[in-house]
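Colleague:
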Amino acid sequence: MNLVESKKRSTTMSEIRIVATLIAKPEHTAAIHSAVERVVDPSRQEVGNIQYDLHEEIGHKGTYVFFEVWASQEAVDHHNNTVHFQNFVKEIEGKLEMLDIKVLHQIA
1 MNLVESKKRS
11 TTMSEIRIVA
21 TLIAKPEHTA
31 AIHSAVERVV
41 DPSRQEVGNI
51 QYDLHEEIGH
61 KGTYVFFEVW
71 ASQEAVDHHN
81 NTVHFQNFVK
91 EIEGKLEMLD
101 IKVLHQIA
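Heads up, the sequence shown is in UniProt numbering, so the first residue is 1 and it goes up one at a time.
#1: I'd like the span of the beta strand (DSSP E) that includes Thr63, first residue to last.
#2: Leaving out five residues before and five after Lys102 in sequence, what residues of the same chain have Cβ atoms less than 8 Å from its Cβ?
#3: Per DSSP, which residues does Asp100 bridge with? Please list them.
#4: Helix, strand or coil: which one does DSSP assign to Thr82?
#5: Mind checking who His55 pairs with in its DSSP beta bridge?
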């Protein structure tokens, strides 16, 4: 399953939360760092984006975690098809040791 397919999973709740963890291959840490930083601002400007935060794990250089909140699945689908996100997907391809994406809805 790739990044776009993972983020397209459906949910019954309107608001969608995504936690995406990326671990860069050691030789690509700098490139991944630049790529993850560049995708944040345009994503935050999208209609339907509520939160789009990027974190780096303490003590684990090259491990990045996105916390995203979207108004709806439609907003996520739109985001997945934007030029900046598609460029991001191409840019990180083959440069990750691990990619884990969790698509969530809040229950309490």
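Don't be surprised by glycine CBs; every beta carbon is placed ideally from N, CA and C. Predicted model, so just to flag it, every value in this text is computed and none were measured.
Modeller: Based on what the coordinates show:
#1: Position 63 of the sequence shown holds residue 63. Its beta strand (DSSP E) spans residues Thr63 to Trp70.
#2: As a first step, residue 102 must be located in the sequence shown, where it is residue number 102. If we look at Lys102 and ignore the five residues flanking it on each side, its Cβ neighbours are Ile18, Val19 and Ala20.
#3: One-based indexing of the sequence shown puts residue 100 at position 100. In DSSP, Asp100 forms a bridge with Thr21.
#4: The count along the sequence shown starts at 1 and reaches residue 82 at position 82. Residue state for Thr82 is assigned as coil, using DSSP reduced to three classes.
#5: Within the sequence shown, the letter at position 55 stands for residue 55. Beta-bridge analysis with DSSP links His55 to Val65.
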